[in-house]
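Scroll down for the structure; my scribbles are underneath it.
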Amino acid sequence: MKPAVFEYVSPTSVDEAVTALSTTDDIGDVKVLAGGQSLVPLLSLRLAQPGRIVDINGIENLSEITEEAGVVTIGALVRQAVAGRSDVVRRSIPLMAAAIPLIGHGAIRNRGTVGGSIAHADPAAELPTVAACLDAELVAQGPGGERSIRAADFFTGFFTTALSEDEILTAVRIRAAGPGTGAAYEEVARRHGDFAMAGVAAQVRLDGDTVAEARIAISGVDLAPVRASKAEAALAGRTIDDAVLDEAADATVADLSPSSDLHGSAAYRKHIAGVLIRKAVRTAAARARETL
Amino acid sequence: MNTREITVTVNGRKRTVNVEVRRTLADFLREDLGLTATHLGCEHGVCGACTVIVDGHTERSCTQLAVQADGREITTVEGLATGDGELHPVQQALRDNHSFQCGFCTPGFVMTIYGMCEDKKAGRPVPCSRTEIREELSGNICRCTGYQSIVDGTEAALAGTAGKES
Ligand SMILES: Cc1cc2nc3c(=O)[nH]c(=O)nc-3n(C[C@H](O)[C@H](O)[C@H](O)COP(=O)(O)OP(=O)(O)OC[C@H]3O[C@@H](n4cnc5c(N)ncnc54)[C@H](O)[C@@H]3O)c2cc1C
Ligand code: FES
Ligand code: FES
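If you read the sequences in order, they're chains A and B. Number 1472 marks the last residue of the first sequence (this note's numbering); no jumps. Number 979 marks the last residue of the second sequence (this note's numbering); no jumps.
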């Protein structure tokens, strides 16, 4: 349970960090270290044995949350607990504010970062699901400069993203929720703080009583977060009642093919995905109504 | 050996030490500083036994490297009581409520609950109901008590914080 030997660098700028990631010589794997709440356990278990660790915690301008022209930018190093308490996040990205308390435990959120969770891309994790639900833009910087990746193109597979090995995720950009918008994150986990067996992120914008826009994403049922496009389409323009919710949930669940594991069978995961879609959409709509 | 010099303040005392870069903060506290009250159960973030306060917030000491503590301020359970024979109010509240049996998990619980009391003083949100307390304590595992007495102790500790103006 002790990490293997590695070289440790602690750059103070993104450029320096990118250089440390791209000059690998014969050092083996190079890994970015952010909050360390996923990486340090992997080092201790020796599931990861990088030759070099690039600790980005000393880079200053990656810890800010700003809102400009209707877009919230969250620096990759913002701690999950800080994002969860942020007024900007609570007001403009209520879905993220709802999701964060479900991540692990207080001591984990105090250290774990928003960017780290998204870069780690655990299919059961909350923040990648939020990013997928809200069509976040993930800002990456590498030797060739900066680029922005849409969430739909970012999560490419099981713990796999579109980031290349010499790129750093620097920020997450999410469009601020407008008036009439409510959000909810519902999940089922074996114990509080565990990764969920399945989870549903929902954001609903109401126009009077009808759904102007519904956004839904599901965690834990595939290799990456899944957008529930059929449910979104089934809800658009409708007034939410039990029949509409059934139609939306059933349309999506039929397409899911989760795998079975120790924690739950595929059939059970499909079942709870359906239950959670109904619950999350209903709660999101109720919260949207409160803002009208 | 890959080492680095770091300066950390642990329980109010500033120390400059050369550490191996792969050393976790937990091992640094226990092996290098001899502060063995911080316990190691799982060494991968799950059990909470190694919880300490870093710059005012609870953090796991097994999921960070000692080099990352450079320039930071750390409080371990050794740093709570003032040494005049009195327990810290959090420790006293837990003792009064029989919140431990074998004691292996206790340092982690004490620091987690101390963290809640500090949050309360700083005006950050803290758990109110017993259900919320259970949620807050869910990151600390105890194999002995069944938690009932720990929830009692936490309630008492938080009530004490409310009563005491500081
Ligand atoms: C007991 C426990 C329970 C947990 N429960 C949950 C849970 O319920 N839900 C959940 O979502 N998470 C959970 N986590 C994981 C936690 O949220 C982590 O903080 C998160 O997965 C990783 O973020 P980090 O900042 O700690 O990243 P690190 O651990 O430092 O890094 C994780 C990975 O991402 C890469 N990386 C990190 N930042 C960047 C970046 N800016 N650019 C490029 N690559 C980067 C690293 O190289 C590494 O491969 C739990 C962790 C523990 C220990
Ligand atoms: S030893 Fe650190 S959480 Fe278990
Ligand atoms: S008192 Fe024995 S593990 Fe908690």
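Built from N, CA and C at the ideal position, the CB exists for glycine as well.
Against chain A, with Cβ distances strictly below 8 Å, would B:R843 count as a contact?
Not closer than 8 Å to any Cβ of chain A, the Cβ of B:R843 fails to qualify, so no.
Would the beta-carbon of B:R956 be found less than 7 Å away from any heavy atom of ligand 3?
At least one heavy atom of ligand 3 is nearer than 7 Å to the Cβ of B:R956, so yes.
Run through the DSSP bridge pairs and tell me what A:R1407 is partnered with.
When DSSP reads this structure, A:R1407 sits in a beta bridge with A:A1397.
Report the start-end ranges of each beta strand (DSSP E) in the segment 853-904 of chain B that is 3 residues or longer and not cut off at the edges.
List check, beta strand (DSSP E) in window: 864-867, 870-873, 886-888.
Locate the beta strand (DSSP E) running through A:L1386, then write down its first and last residues.
For A:L1386, the uninterrupted beta strand (DSSP E) run begins and ends at 1378-1387, by DSSP.
CA nearest to the CA of A:A1429, picked from A:R1418, A:S1437, A:H1451, A:L1442:
A:A1429 has its Cα closest to that of A:H1451, out of A:R1418, A:S1437, A:H1451, A:L1442.
With a threshold of 6 Å on Cβ separation, who are the neighbours of B:R836 within its own chain once the five nearest residues in sequence on each side are excluded?
Only A879 meet the Cβ criterion.
Would you kindly work out how many angstroms separate the C-alpha atoms of B:G869 and A:T1203, rounded to a whole number?
Approximately 37 Å between the Cα atoms of the pair.
What are the residues that DSSP puts in a beta bridge with A:D1441?
A:G1444.
Run the proximity test for B:Q914: is its beta-carbon closer than 7 Å to any non-hydrogen atom belonging to ligand 3?
Relative to ligand 3, B:Q914 has its C-beta within less than 7 Å of a heavy atom.
Of all residues in the structure, which have a C-beta closer than 6 Å to any heavy atom of ligand 2, taken in chain order?
Here the residues come out as B:L853, B:G854, B:C855, B:E856, B:G858, B:V859, B:C860, B:G861, B:A862, B:C863, B:R873, B:C875.
Could you check the C-alpha separation between B:T895 and B:L846 for me, to the nearest Å?
Distance between the alpha carbons of B:T895 and B:L846 is about 19 Å.
Minimum Cβ-Cβ distance from B:G861 to chain A less than 8 Å
Cβ-Cβ to chain A under 8 Å: yes for B:G861.
Could you tell me whether the Cβ of A:R1474 comes closer than 8 Å to any Cβ of chain B?
It is not possible to answer for residue 1474 of chain A, since the shown part of chain A is limited to 1181 through 1472.
Distance between A:P1308 and A:L1403 (C-alpha atoms, nearest Å)
Counting only the Cα atoms, A:P1308 lies some 12 Å from A:L1403.
Express the C-alpha separation of A:S1272 and B:K977 in angstroms, rounding to a whole number.
At B:K977 the pLDDT is 42, less than 50, meaning the model places this residue with poor confidence; the figure from the coordinates comes in the next sentence. Straight-line Cα distance between these residues: approximately 37 Å.
Would you kindly work out how many angstroms separate the C-alpha atoms of B:G825 and A:D1267, rounded to a whole number?
Put simply, the backbone Cα of B:G825 is about 33 Å away from that of A:D1267.
With a threshold of 6 Å on Cβ separation, who are the neighbours of A:T1336 within its own chain once the five nearest residues in sequence on each side are excluded?
Once the five neighbours on either side are set aside, the close Cβ partners of A:T1336 are A1342.
Could you tell me if the beta carbon of A:S1445 falls within a distance shorter than 7 Å of some heavy atom in ligand 1?
Not under cutoff, so the answer is no.
Beta-carbon separation (whole angstroms), A:H1443 vs A:M1377, contact threshold 8 Å
The Cβ separation is near 5 Å, so the contact holds.
Kindly list the residues whose CB is nearer than 6 Å to the CB of A:A1414, restricted to its own chain and excluding five residues on each side of it in sequence; keep chain order.
A distance below 6 Å between beta-carbons, with the five flanking residues on each side excluded, links A:A1414 to the following residues of its chain, in chain order: E1427, A1428, A1431.
Would you call A:K1211 buried or exposed, if buried means 16 or more other Cβ atoms sit within 10 Å of its Cβ?
Answer is buried; the Cβ neighbour count reaches 16.
Report buried or exposed for A:A1449, applying the criterion of at least 16 other Cβ atoms within 10 angstroms of its Cβ.
Looking at the sequence itself, residue 1449 of chain A is Arg, so the reference to Ala does not match. Counting the other Cβ atoms within 10 Å of the Cβ of A:R1449 gives 16 or more, which makes it buried.
Taking CB distances under 8 Å as the criterion, tell me whether B:H857 reaches chain A.
Answer yes: the Cβ-Cβ gap between B:H857 and chain A drops below 8 Å somewhere.
Three-state secondary structure (DSSP) at A:Q1217?
A:Q1217 falls in the coil class under three-state DSSP.
A:L1282, DSSP secondary structure in three states:
Note: A:L1282 maps to helix in three-state DSSP.
Closest Cβ-Cβ distance between B:T864 and chain A: below 8 Å?
Judged by the 8 Å Cβ criterion, B:T864 is in contact with chain A.
If the cut is a Cβ gap below 8 Å, which residues of chain B does A:F1489 touch?
The question about residue 1489 of chain A has no answer, for chain A in this structure spans 1181 to 1472.
Three-state secondary structure (DSSP) at A:Q1229?
Coil.
Quick check: is the beta carbon of A:N1241 nearer than 8 Å to any beta carbon in chain B?
Chain B, which has no Cβ nearer than 8 Å to the Cβ of A:N1241, makes this no.
Are the beta-carbon atoms of A:C1313 and A:A1397 separated by less than 8 Å?
Result yes, Cβ atoms of A:C1313 and A:A1397 sit closer than 8 Å.
Tell me the DSSP secondary structure of A:P1323 in three-state form.
Residue state for A:P1323 is assigned as coil, using DSSP reduced to three classes.
Go ahead and pull the three-state DSSP assignment for A:L1343.
Residue state, collapsed to three classes: coil.
Taking 8 Å as the threshold (beta carbon to beta carbon), is B:S912 in contact with chain A?
Not an interface residue.
Residue from A:I1348, A:T1350, A:T1361, A:K1459 with nearest C-alpha to A:V1380:
Considering only alpha carbons, the answer is A:K1459.
Helix, strand or coil at B:K977 [DSSP, three-state]
Note on B:K977: pLDDT 42, under 50, position unreliable in the model; no value is reported.
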